[in-house]
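S.K.: Can you read through this structure? Questions will come right after.
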Amino acid sequence: MKRRPSSAGFAIVDLLFVCGIISIVSGIALPRLMAAKSSAQAASAVGSLRTIDSGQVAFAITCGNGFYAPSLTKLARPPLGSTSGYISPDLGAADLMMKSGYRFQVTATPYALAPGTCNGLPAGTTGLSFKTAADPLDPNNPRFFASNAQNVIWEDTASLWAGIPETGDPASGHPITY
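Each residue of the sequence shown is one higher than the last, beginning at 117 in our numbering.
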């Protein structure tokens, strides 16, 4: 008996057609996916800056005798008799912290007359004010954030870290409202 070739299955043309459609749909969806990822990272950065600002205020009121912590690790250090600091350990594990696609840093100029704190910081190490910044790790992400002792979060298309004062408005950028 002779066998006839079966017409069931896919032809190479059908396979190429399906691959072409998948490529077109992926080409349309990928830029939107990347934009959504950047937006999510920016939202997380703003949330982390709010957490740092709130932690600084809580530190100043309860532990710092009206002065602010000089770094993320000092802000995460728990007071005597407690097991938790003023910010979470994932945000205060290092003074230069990478989280959710952003690099966070905090500084407060030491004030010589500042007293010691309840979490073991020696006298003269805390500051009258502070500044913090969140710079994106992805060079294609144009959203940079910063805040200071005024608890206003600023946004710009370039890093605000060098230009934001510890108190007052930066020379560039605009405040974000939430």
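Cβ atoms here follow ideal geometry from the backbone N, Cα and C, with glycine treated the same way.
Here the structure is a predicted model, which means the values were calculated and not measured.
Exposed or buried, what is N267 when buried is set at 16 or more other beta-carbons lying within 10 Å of its beta-carbon?
M.R.: exposed
S.K.: Looking at the structure shown, is G243 part of a helix, part of a strand, or coil, going by DSSP?
M.R.: strand
S.K.: Can you tell me whether I275 is helix, strand or coil according to DSSP?
M.R.: First, the amino acid is wrong: residue 275 is Ser here, not Ile. Here S275 sits in coil by DSSP.
S.K.: Within the same chain, show all residues whose beta-carbon is closer than 7 Å to that of P231, passing over the 5 residues directly before and after it, in chain order.
M.R.: N181, A239
S.K.: Which same chain residues, not among the five before or five after A158, have their C-beta less than 6 Å away from its C-beta?
M.R.: R259
S.K.: Using three-state DSSP, classify S263 as helix, strand or coil.
M.R.: strand
S.K.: Report, in whole angstroms, the separation of the C-beta atoms of K247 and E271, which I expect to be a contact under 8 Å.
M.R.: About 15 Å; that fails the 8 Å criterion.
S.K.: Throw me the rounded Cβ distance for the I280 and L165 pair, which I believe falls under 8 Å.
M.R.: In fact, because the Cβ distance is near 12 Å, the residues do not count as touching under 8 Å.
S.K.: Is F261 near V162, with beta carbons less than 8 Å apart?
M.R.: The criterion of a C-beta distance shorter than 8 Å is satisfied by F261 and V162.
S.K.: Could you give the DSSP three-state label for A152: helix, strand or coil?
M.R.: It is helical.
S.K.: Under a three-way DSSP split, which group does F175 fall into?
M.R.: helix
S.K.: Is G201 buried or exposed, if buried means 16 or more other CB atoms sit within 10 Å of its CB?
M.R.: buried
S.K.: Roughly how many angstroms lie between the CA atoms of F133 and S263, to the nearest whole one?
M.R.: 52 Å
S.K.: Which residues does DSSP list as the beta-bridge partners of Q157?
M.R.: Its beta-bridge partners do not exist; DSSP assigns none.
S.K.: Tell me, please, which residues DSSP counts as bridged to F133.
M.R.: Note: F133 sits in no beta bridge, so no partner.
S.K.: Decide yes or no for the touch test of the stretch 209-226 against the stretch 130-149: beta carbon pairs closer than 8 Å, at least 3 of them.
M.R.: no
S.K.: Which residues share a DSSP beta bridge with V162?
M.R.: In DSSP, V162 forms no bridge with anything.
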